[in-house]
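Visitor: Please see the structure below; I have some questions.
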Ligand SMILES: C[C@@H](O)CC(=O)SCCNC(=O)CCNC(=O)[C@H](O)C(C)(C)COP(=O)(O)OP(=O)(O)OC[C@H]1O[C@@H](n2cnc3c(N)ncnc32)[C@H](O)[C@@H]1OP(=O)(O)O
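Numbering (UniProt numbering), first residue to last: 1 to 147.
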């Protein structure tokens, strides 16, 4: 029995189709530098102004997986929240995220398999109302009846 659930966690028994949660976060130069360090992805399109100026983006952009990390944060902190296990994630990067952009990341429940505790969720991130990332997450949700 999991009776000490952190606030914000929504167990499988309480999840409903259509539930959604979101966060907003500004992506800073420091975030991009830290992500490059942690991931070891030092692609100059993220880090080098001169290099990035000569690309299709005409300036530095954030790592796609940094933006995707905001989806993970919504899932791990809010929906379903603490105790969730990621099983899969599809994603398409539609537009670049630039340093200083504020990203809105949202996940919405689309399918629930209570027997398997598997939940599917549509995910997207947007900047100034324009989608920069779309995808689908598959997760194992926490339960009141912990086995
Ligand atoms: C590895 C890391 O270090 C690098 C990174 O993390 S880079 C950061 C993450 N990626 C991005 O930020 C890229 C965001 N996407 C874009 O900016 C644009 O999609 C684009 C510039 C890459 C392309 O845009 P555009 O020139 O406008 O192209 P179209 O929309 O006209 O599409 C042309 C064809 O490509 C297909 N396509 C476009 N985007 C995607 C996608 N995300 N996934 C799959 N396919 C894509 C599109 O369908 C078109 O195909 P068609 O057969 O011609 O219809």
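Even glycine gets a Cβ: it sits at the ideal position worked out from N, Cα and C. Remember, it's a predicted structure, so these values are computed and weren't measured experimentally.
Does ligand 1 have even one heavy atom less than 8 Å from the beta-carbon of residue 45?
Guide: Correct: residue 45 has its Cβ closer than 8 Å to ligand 1.
Visitor: Taking the DSSP output, what are the residues bridged to residue 135?
Guide: In the DSSP output, where bridge partners are listed per residue, residue 135 has 91, 123.
Visitor: Please go through the UniProt domain "MaoC-like" (24-123) and give each complete alpha helix (DSSP H) segment of 4 or more residues, from N-terminal end onward.
Guide: Complete alpha helix (DSSP H) runs here, min 4: 29-39, 44-47, 49-53, 64-77.
Visitor: Verify the contact flag: residue 71, CB atom, against every heavy atom of ligand 1, threshold strictly below 8 Å.
Guide: Answer for residue 71: no, Cβ out of range of ligand 1.
Visitor: Say yes only if the C-beta of residue 130 is nearer than 8 Å to one or more non-hydrogen atoms of ligand 1, and no if none qualify.
Guide: No - ligand 1 has no heavy atom lying nearer than 8 Å to the Cβ of residue 130.
Visitor: At a cut of 8 Å, does the stretch 15-22 reach the stretch 78-97 through at least three beta carbon pairs?
Guide: Enough Cβ pairs lie closer than 8 Å, so yes.
Visitor: Assign residue 126 to one of two classes, buried (16 or more other C-beta atoms within 10 Å of its C-beta) or exposed (fewer than that).
Guide: Flag for residue 126 reads buried.
Visitor: Thinking C-alpha only, which one of 113, 136, 135, 93 is nearest residue 143?
Guide: Among 113, 136, 135, 93, the Cα nearest to that of residue 143 belongs to 113.
Visitor: Quick check: what's the CA-CA separation for residue 20 versus residue 108?
Guide: Going by the C-alpha atoms only, they are around 4 Å apart.
Visitor: Less than 9 Å between the C-beta atoms of residue 97 and residue 24, yes or no?
Guide: No, these two residues do not count as a Cβ contact at 9 Å.
Visitor: Buried or exposed: which applies to residue 119, given that a residue is buried once 16 or more other Cβ atoms fall within 10 Å of its Cβ?
Guide: Label assigned to residue 119: buried.
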